[in-house]
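Heads up: the structure comes next, in structure tokens.
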Amino acid sequence: MTATKSLRAGGRVQAAIPIVLLIGLVILIGVLQPSFLTADTLLVVMADTATLFILAAGITFVVMLGGIDLSIQAVASLSSVLVAIWLGRIGYWAFPATLLVGFITGAFSGVVHVRLRIPSFIVTLATSGLVAAAALLLSQERSITIGEAGRAYLSWITGRPFGVPSVIFIGALVACAGIWLQCYTPFGRYSAAIGAGEAATWASGVKVNRQKVIAYSLSAGLAALAGILLTGRLSSGSPTLANELLLPAIAAVVVGGTSITGGAGGIGRTVIGALIISVVRVGMTFVGVDIFAQQIVFGAVLILAVAITIDRTKILIVK
Amino acid sequence: MEPRKVPPSADSGTPQIRSPELGGRNAKLSLNRLKRYAPFFALIALSLLIGAMNPRFFEFNNLIRVANSASIPLVLSLGMTFVILLGSIDLSVEGVLAIGAVLISLLVRNNGNGFDLGWSAVVLAILACSGIGFLNGAIHVGLRIPSFMVTLGMWFIGVGVATLILGGSTVRVLDKGIRSIALDRPMGFFPIAVWVALGALGITWVIERQTRIGRYIYAIGGGEDLAALSGIPVKRVKIIVFMIAGTLYGLGGLLSAAQLGQGNALIGSGRLFSTVTAVVVGGTALTGGEGGVLNTLVGVMIMAVLGNGMVLLGISPDVQQGVQGVLIIVAVALSLDRARLKIVK
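These protein sequence lines map, in sequence, to chains A and B. Read in order, the letters of the first sequence are residues 21 to 339 in the numbering used here. Read in order, the letters of the second sequence are residues 80 to 424 in the numbering used here.
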């Protein structure tokens, strides 16, 4: 009894660490650079966070299950190419069509993963190869600028209702939907259960494979949404658009406190994690760290965060 | 086939720690043997097929071209082979290779700075790459973090460091000795790079077959808990394996810098994917303990022949990445012994 109690208390403390870290970072940067704490700057930071968060939200469910998705950056890039090509031809239909393609690639990864029983990181690595090849072929290795006519369709992404960039609303919407999925649907409960103990969940009659396919579809679908938002903000699609985003997205999930071994965590934590990553990035830019060198920091942060959040009792042999 | 008393691991082919059921189940044995040689037959069939569609495939110069295009993938895949034999994975190939190539091109005679260290630059750079491999292994076993997470982080750290020391630009290699690795063809035969790759193959083969480390690698891949209980220094072996991998990626960096005549941070782009594909297509199982460097040679040749064939048949190189994606899934699906895997993460 006391053991579980202290465990729970420990979990609560661990869940609070990211929030404290976020507040500390914001205050630190605010002191060093007072202009950071103005409403305008904070809105820009949150708008930048929105796309990263949507990417990270998708993988959150996959990580909760105990898997990983290494194909999101390729899916996001492909959807930017698709939107750029389709906007001029089918107008608003380009968005649902692109999202559908995203869901299908995710469902493909999921089905291959559960049917052929291939480890998820290999399947999604292979999917990312397929998807990247498709993006390169469709775009003929060029970035595609969206013309005046096409930009009219993008106003829902670039607009600023009530003076707030609309991507922030979209990000908030995804967060609410994610939290609802996680707390109030069987899928959310099953995801956590599968991550906590797959064999036991399976034995209690949960259709584990179906939940996994849903999780991978959701991950790629949200990656497609993130790709669409990026395309809207840049007014162009490119086959390598999101290539730098895989690592920050995984880092956001793990830094937020979702354990890479699965079972613990959630969308709410990923919101905090994504904000931390964004604030760290802004902070590094203020200090003058090279944009490429930032990858070094993210790589180190990822390893460190995994080391802290991993549940070592669950994996007896670490491969 | 005559019944055999000894399990086949003792004398022939790929050593297998988990030998198939002992005793005289010939059908099962020969099926296993067939499965083991399947990649080799696939290579021959593929070559004949491409040769039939375009006879220029078998021209002497084209075969040399195939060998040349296989040299860098072979060196990288040999490093990856041992890691995968352990049941782990190393995603840091591109980062380590970039650091190796950038260090070499900055320390030999180049158009960016005044250094002219010649071959000692090569030694320094490859040692640095061994060091990164050591870090990979040490973090993996020290902090008990899955290897794909450690090396995922290290991949981006490597590319970041390479970008940082180069300032985001590209530097041209002016050192004649380095360039000759890719350009000189002793006796009008293979370029030196191919000989370097074959040398690496020989050394890793000796490590695999003739040293204790080699046996330990198979033991750990076959069953880590048993290996640890029988007194094998699991942690030390793992760190050594990641170091060997880092060293070979550094060698791959040397060959890349020689081939392109320059160093830049993105020199390794796309290498991770083709490396893992080659190892797996060759028949080394991702679960560890099965396969080896000769499998990897076959896997690399399949990829090289396929790449060359697609060029000969006029297929866009963009498709190649997609084909690799399909190949990797097919190969893993065929090789996995799914009876052993209850839970796949």
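Glycine is no exception: its CB is placed at the ideal position from the N, C-alpha and C atoms.
Within chain B, the residues placing a beta-carbon under 9 Å from that of D310(A) are G239, T242, L243, G246, G247, ordered along the chain. An exposed status is given to W200(A), since fewer than 16 other beta-carbon atoms sit within 10 Å of its beta-carbon. Within chain A, no residue has its beta carbon less than 9 Å from that of F213(B); the closest one is some 15 Å off. Here I190(A) is buried, its C-beta having at least 16 other C-beta atoms within 10 Å.
Listed along chain A is no residue with a C-beta nearer than 9 Å to that of V181(B); the closest approach is about 12 Å. Taking a contact to require three or more Cβ pairs closer than 8 Å, the segment 261-278 of chain B and the segment 332-340 of chain B qualify as touching. For V411(B), the chain A residues whose Cβ falls inside 7 Å of its Cβ are I138, I142, in order along the chain.
Beta-bridge partners assigned by DSSP to Q341(B): R251(B). Here V372(B) has L157, T160, L280, T283, W284, E287 as same chain residues with Cβ atoms under 7 Å from its own Cβ, once five neighbours each way along the sequence are excluded. Contact between A410(B) and V359(B) is confirmed by a C-beta separation of about 5 Å, below the 8 Å threshold. Residue nearest to L261(A) within the set G86(A), T165(A), A77(A) is T165(A) (criterion: CA-CA distance). The criterion of a C-beta distance shorter than 7 Å is not satisfied by V103(A) and A155(A).
Only exposed fits A197(A), as fewer than 16 other CB atoms lie within 10 angstroms of its CB. Around S148(B), the same chain offers A383, G386, N387 as residues with beta carbons nearer than 8 Å, after the five sequence neighbours per side are excluded. The way I'd put it, the segment 240-260 of chain B does touch the segment 188-202 of chain B; three or more beta-carbon pairs between them come closer than 8 Å. Note on the segment 190-233 of chain A: whole alpha helix (DSSP H) runs with a minimum of 4 residues are 206-216, 218-223, in chain order.
Using a Cβ-Cβ cut-off of 7 Å, V326(A) counts as an interface residue toward chain B, since at least one Cβ of chain B sits closer than that to its own. CA-CA distance, L145(A) to I299(B), rounds to 25 Å. Assignment of I164(A) by DSSP, reduced to helix, strand and coil, places it in the strand class. Contact of I124(A) with chain B is not assigned, every C-beta pair being separated by 7 Å or more. CA-CA distance, M389(B) to L48(A), rounds to 55 Å. Nearest to V187(A) by C-alpha distance, out of A284(A), R253(A), A244(A), is R253(A). At a cut-off of 7 Å between beta-carbon atoms, L222(B) makes contact with chain A.
If you look at G174(B), you'll find it in the alpha helix (DSSP H) that goes 172-186. Between T242(B) and F312(A), the CB-CB gap stays under 7 Å. Proximity to G174(B) across L308(B), V405(B), S126(B), G239(B) peaks at G239(B), based on C-alpha coordinates.
CA-CA distance, T80(A) to L262(B), rounds to 49 Å. Beta-bridge partners of G257(A) (DSSP): I164(A).
Contacts with chain A (Cβ-Cβ distance below 9 Å) from the segment 225-239 of chain B involve P225, S226, F227, M228, V229, L231, G232, M233, W234, F235, I236, G237, V238, G239, listed in chain order. Under a criterion of Cβ atoms nearer than 7 Å, the residues of chain B adjacent to F318(A) are, in order, F235. Residues of the same chain with a CB within less than 8 Å of the CB of S150(B), apart from the 5 flanking positions on each side, are P270, A272, V273, V275, A276, L334 in chain order. In the three-state DSSP reduction, N189(B) falls in the strand class (E or B). Nearest neighbour of A235(A) by Cα position, chosen from T290(A), G282(A), L322(A), A127(A), turns out to be A127(A). In the DSSP assignment, N263(A) falls outside any alpha helix (DSSP H) and carries neither an H nor an E. The beta carbon of Q231(A) does not come within 7 Å of any beta carbon belonging to chain B, so the residue lies off that interface. In the structure shown, the three-state DSSP call for V132(A) is helix.
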